[in-house]
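In the UniProt record's numbering, the protein residues as written are 1 to 369. For reference, the structure is listed below as structure tokens.
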């Protein structure tokens, strides 16, 4: 496939006209490749209000679609963008964020290579936290990534990822989970990492830039634990998830326990003790995941495994104490996995440390041909 007939639509859902939409759109249409296009979805707001913000930009590479569903969830406009796209590949961009200079051109340069992957995972960086090593593939492993060995599940949302449109529209592929104000992308992300045929990791250092100035993000709202974890509880009921290999299931469940269940509880406990209803809701989801994969705790650090066992107990143990001790737990404890036999697995401390050191050094800058 040549660069001449490869096209890329970047879907940008906007739910508030005051968001920095101009910044995000410019990061797309300023790419040199003319077949890279911004597809803006005006979510429950007039299309004209977005066009006024962007009236002096290149309209040939910009399309604004109005999507009204009356639902406070980013899933609807993202799915509407998928339906409206006719490009070879699709990517997603939150209206608060942007692609770094040269990133999209670099991605297209890789996509038109002989491998032509179904997914190309780009770099992720935060404005305050720097490079986010998620996923964390094997050193110098750029093609034919494995969801378990290359820790693909560590990236929850498929942002900064170029996705072949046929994958998103294939029979059996999930969509963004509509009706959920947060977590709408968890199922689709896990599906893409675990069910896609060919996955590559970008060789270029430029990628997706997360701005932390988005105080009005849809995903920034406070919800009950039951509502926040509803997308996780839904996933384990899906046929495609049940059909994963035991290794894939264990890795996926460990990720959901670590990043969705425990991280949510940790954040809530930092404000005050979790109430009985919220704790019960978190415990029920934890039990669902452990019934699906009893070995999942073995991929957590000793501290995380202790927190999960306390949360899973019906006794009124002091969960906050467990989370507070994380501030003084040893460096070694944070990096070791719970089971000694898993220390050298892909999620174990030794391999993670090696990848954190060497993977960034393998990346390069993109030079426009």
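For each residue, glycine too, the CB sits at the ideal point set by N, CA and C. Note that the coordinates shown come from a computational prediction; the quantities given were computed from them, not determined experimentally.
- Each residue's CA atom was taken as its position, placing residue 156 and residue 228 some 14 Å apart.
- A straight line joining the alpha-carbon of residue 144 with that of residue 197 spans about 8 Å.
- Cα atoms of residue 190 and residue 230: separation of roughly 15 Å, rounded to the nearest angstrom.
- In the structure shown, residue 39 adopts extended strand secondary structure according to DSSP, grouped into three states.
- Counting the other CB atoms within 10 Å of its CB gives residue 129 a total below 16, which places it among the exposed residues.
- DSSP places residue 89 within a strand segment (E or B) once states are collapsed to three.
- Per the DSSP secondary-structure output, residue 208 pairs in a beta bridge with 99 and 124.
- Between residue 39 and residue 9, the gap from beta carbon to beta carbon is short of 8 Å.
- Measuring C-alpha to C-alpha distances from residue 192 to each of 360, 237, 244 and 56 identifies 244 as the nearest.
- Take residue 268, set aside five residues on each side of it, and the residues of its chain with a beta-carbon closer than 6 Å to its own are 274, in chain order.
- The straight-line gap separating the alpha-carbon atoms of residue 233 and residue 22 is approximately 36 Å.
- Taking C-beta atoms under 8 Å as the contact rule, residue 136 and residue 359 qualify, at a distance of about 7 Å.
- Here the segment 42-60 lies against the segment 13-27, with 3 or more beta-carbon pairs under 8 Å apart.
- Here residue 201 carries a strand assignment [DSSP, helix/strand/coil].
- The segment 120-129 makes no contact with the segment 178-188, as fewer than three CB pairs between them are under 8 Å.
- Per DSSP, the beta-bridge partners of residue 164 are 89.
- A distance below 6 Å between beta-carbons, with the five flanking residues on each side excluded, links residue 140 to the following residues of its chain, in chain order: 362.
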